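Asks: Dropping the structure in here first, questions after.
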Amino acid sequence: MNQRKKIPLRKCVATGEMMPKKELVRIVRSKEGEVSVDLTGKKSGRGAYLTKSKEAVLLAKKKNILANHLDVSIDDSIYEELLQLIEKEK
1 MNQRKKIPLR KCVATGEMMP KKELVRIVRS KEGEVSVDLT GKKSGRGAYL
51 TKSKEAVLLA KKKNILANHL DVSIDDSIYE ELLQLIEKEK
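In UniProt numbering, the protein residues as written are 1 to 90.
Structure below.
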């Protein structure tokens, strides 16, 4: 039997879409309340996933989705970092 590896799906907090984890970027809040972009997907802390698209990042910023999801205020530099990351990957 051909057992295909299960692809881990995660939900984008901005669009609400379920997508393969590789197509999303994880934003994580540590116990200390520091927010960072988690490129490995393995940092410990409360995580939120965003689709790697400018629209999703801007929507999350506009509606304060990440701040609500992670219970912490999100610095604009985090959104800048996300947008730069998305630009690089194109």
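A virtual CB, placed ideally from N, CA and C, is assigned to each residue, including glycine. Nothing here was measured: the structure is a model prediction, and the numbers come from that model.
May I ask which residues mark the beginning and end of the beta strand (DSSP E) holding Ala-56?
Replies: That residue, Ala-56, is in no beta strand (DSSP E); its alpha helix (DSSP H) goes 54-62.
Asks: Residues in the same chain with beta-carbon distance under 8 Å from Asp-75, minus the five sequence neighbours each way, listed in chain order, please.
Replies: Excluding positions up to five away in sequence, the list reads Val-35.
Asks: Between Leu-24 and Val-57, which are expected to be in contact by the criterion C-beta below 8 Å, what is the C-beta distance as a whole number of angstroms?
Replies: With a Cβ gap of about 11 Å, Leu-24 and Val-57 do not count as contacting.
Asks: Can you tell me where the beta strand (DSSP E) holding Ser-36 begins and where it ends?
Replies: 35-38 is the span of the beta strand (DSSP E), which, as asked, contains Ser-36.
Asks: Report the three-state DSSP secondary structure of Ile-27 (helix, strand or coil).
Replies: The answer is strand: DSSP assigns Ile-27 an E or B state.
Asks: In chain order, what residues of the same chain have a beta carbon less than 8 Å from the beta carbon of Leu-9, not counting five sequence neighbours either side?
Replies: Hits under 8 Å: Met-18, Met-19, Pro-20, Lys-21.
Asks: When you compare each of Glu-87, Ile-7, Ala-48 to Arg-26 by their alpha carbons, which one comes out closest?
Replies: Closest by alpha carbon: Ala-48.
Asks: Can you tell me which of Asn-64, Leu-39, Lys-11 puts its alpha carbon nearest to the alpha carbon of Glu-89?
Replies: Comparing Cα-Cα distances from Glu-89 to each of Asn-64, Leu-39, Lys-11, the minimum goes to Leu-39.
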